[in-house]
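First residue of the sequence shown? That's 1 in the UniProt record's numbering, and the numbers climb one at a time after it. Ideal Cβ positions, reconstructed from N, Cα and C, are used throughout, including at glycine. Notes follow once the structure below has been shown.
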Amino acid sequence: MDPNSSTKSIMLDGARLQLSGVQFDSRKIKKGDLFVAVPGMEADGHDYIREAIKAGAACVAGERNLTDLPVPYYRVPNARAALAQIAGQLYDHPSTRHTMIGITGTNGKTTTAHILQHIAEQAGLTCSLIGTVSNRINGIEMPSSQTTPDALQLQQWLNESRDQAVIMEVSSHGIDQDRVGSIDYDYALFTNLTHDHLDYHKTMDRYFQTKARLFDQIKQPGEAIISSRCQWGNRLIEKLQGQNRNVRTFGQTDRDHLQILRVLQEADLQFEVQDGDTRYEIKMPLPGMYNAWNAAAAWLTARRMGIEPAVIQEALRGFPGVPGRFEVYPHPRGAKFVVDYAHTPDGFQQFLRTLHLHKPKRIIHIFGFRGRGDPSKRRLMLEISAAWSDLIILTLDNLQGVPAESMTAELQELAKQLGRHLAVVIEDRTKAIQYAWNRVSQGDYVAITGKGREPYEKPFALPCRTDQHTIEYLSF
């Protein structure tokens, strides 16, 4: 491919095409582009083919059987997969130019990615990060709108990156929708698999099978790095070992390549690991056993990348944390507000249990449910919260097209099942936080979960400031 040429040479359905670019959004088409008609959840790209041609598309690829177009049309079995393959060609397969690390699992992707990035940079490596909180390419931070961006954006960023390593959070949606197609990984990590996204995947087995597809994209000789803490991790280990793949595990048995020996403290995390014949003590400014697992995943990956244990230990000791993950904001009356992204039954259990290690006087828990999120997990999440909390404040989360009245009615029914003394419904999330802010006292903890830090259409400011911290203008 000639980098100075205004066109790119792309293979599609056995034909070699000279294209000025590729788009799947008809509004972005320029003269000479290929338009890929991608069927979506809310809109179907096939309905916009005429608009794309009018805007200058030189040819079209799609899944429907179309014969009456004024430009060449290429029918493909899967438009999303085709888009990923074309995007990879467009940028000359940029994943081959980096050490690629993909992290998947229900919980822990973001924290593990940030820990590993911190370790890699402390070891002197330049590192791109693509994930839920933000994206960073060549040292430049960019906001994130979804965990795993579309295939075209991903390939563009990989092409633009001059960093040695690229760490990616890879969601099950990103795998299933082929956003990460045409990307080859040096290391693929599996953190865990727990109840989530069953509105999309329908069953836990299908959810697992989707996650497992990431490990088919490991380079030769790349490695799978898998937690053995749950049945799904062990199932993936057995599957890959049966295929004679390179597998490294972390867990609590002597069969694991990295073994968590014992946890000395959880509130201020301190634990020991066995790496080969040597024991190491790890201290981190993060609480909770779940963060020991996140750190173990990052440790084992860093070691496989050739980073020395002493460098990893020092990096973990100075890890600055992750925005929106167990972020603590003090209240003038001695209470603490803790913001965390926990949004699954297992996430609630781990987070609220860790909160109890701080010996709170009371726990007030504020959360809601996304309108089109997995409804099968809602009752279980409420029961877990009730087991750990003194008061639950249910509020509206992202409605995603679901009528507010419908979601409010569901919240009220859930609250009624717990009893009025334990749960209240306050629709407006800002007012829910203000309600708790005005009622806390010394020793109380207010847990605000489900979002972490996210940009909102209408940022709000709480009238609350201390000498050291402010939570004004933060969106929860």
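query	result
Is the segment 115-123 close to the segment 311-320, with three or more CB pairs under 8 Å?	yes
By how many angstroms is the C-alpha of Phe326 removed from the C-alpha of Ala61?	45 Å
Under DSSP, the beta strand (DSSP E) around Ser228 begins and ends at which residues?	Premise fails: Ser228 is in no beta strand (DSSP E) and is neither H nor E.
Residues in the same chain with beta-carbon distance under 7 Å from His114, minus the five sequence neighbours each way, listed in chain order, please.	Val322
Using a 10 Å radius around the Cβ and a threshold of 16 neighbouring Cβ atoms, would you call residue 526 buried or exposed?	The requested residue 526 is not part of the displayed model; the chain covers only 1 to 476.
Excluding the 5 residues flanking His365 on each side, which residues of the same chain have their C-beta closer than 6 Å to its C-beta?	Ser385, Ser389, Ile392, Ala447
With the cut-off set at 8 Å, would you say Thr111 and Asn246 are in Cβ contact?	no
Restricting to Cα atoms, I'd like to know which of Arg255, Met168, Leu355 is closest to Gly288.	Leu355
To the nearest angstrom, how far is the alpha carbon of Ser144 from that of Lys361?	36 Å
Let me know the secondary structure DSSP gives Asp186 once reduced to three states.	strand
How many angstroms separate the CA atom of Val76 from the CA atom of Ala58?	17 Å
By DSSP, does Ala165 sit in helix, in strand, or in coil?	strand
Under 7 Å: does the beta carbon of Lys283 sit that close to some heavy atom of the ligand GDP?	Within the structure as shown, the ligand GDP is missing, as the structure has no ligands at all.
DSSP three-state label for Tyr91, please.	coil
According to DSSP, is Met142 part of a helix, a strand, or is it coil?	strand
When you compare each of Pro375, Ile433, Phe319 to Val339 by their alpha carbons, which one comes out closest?	Ile433
Which class does Phe35 belong to by DSSP, given the choice of helix, strand or coil?	strand
Going by alpha carbons, who is nearest to Glu42 out of Gly401, Gln153, Leu357?	Gly401
Helix, strand or coil: how does DSSP classify Arg379 here?	helix
May I have the straight-line CA-CA distance separating Asn234 from Ser228, to the nearest angstrom?	5 Å
Provide the residue(s) that pair with Met11 in DSSP beta bridges, ordered along the chain.	Arg16
Going straight from the alpha carbon of Ala224 to that of Leu300, what length do you get?	11 Å
How many angstroms separate the CA atom of Gly450 from the CA atom of Pro149?	20 Å
When we look at the beta-carbon of Pro332 and count the other beta-carbons within 10 Å, is it buried (16 or more) or exposed?	exposed
Answer with yes or no whether the minimum CB distance from Ala409 to chain B is below 8 Å.	The structure shown contains no chain B; it holds only a single protein chain.
Quick one: which unbroken alpha helix (DSSP H) runs of 4-plus residues sit fully inside the UniProt domain "Mur ligase C-terminal" (324-452)? Chain order, please.	345-356, 378-388, 404-418, 429-437
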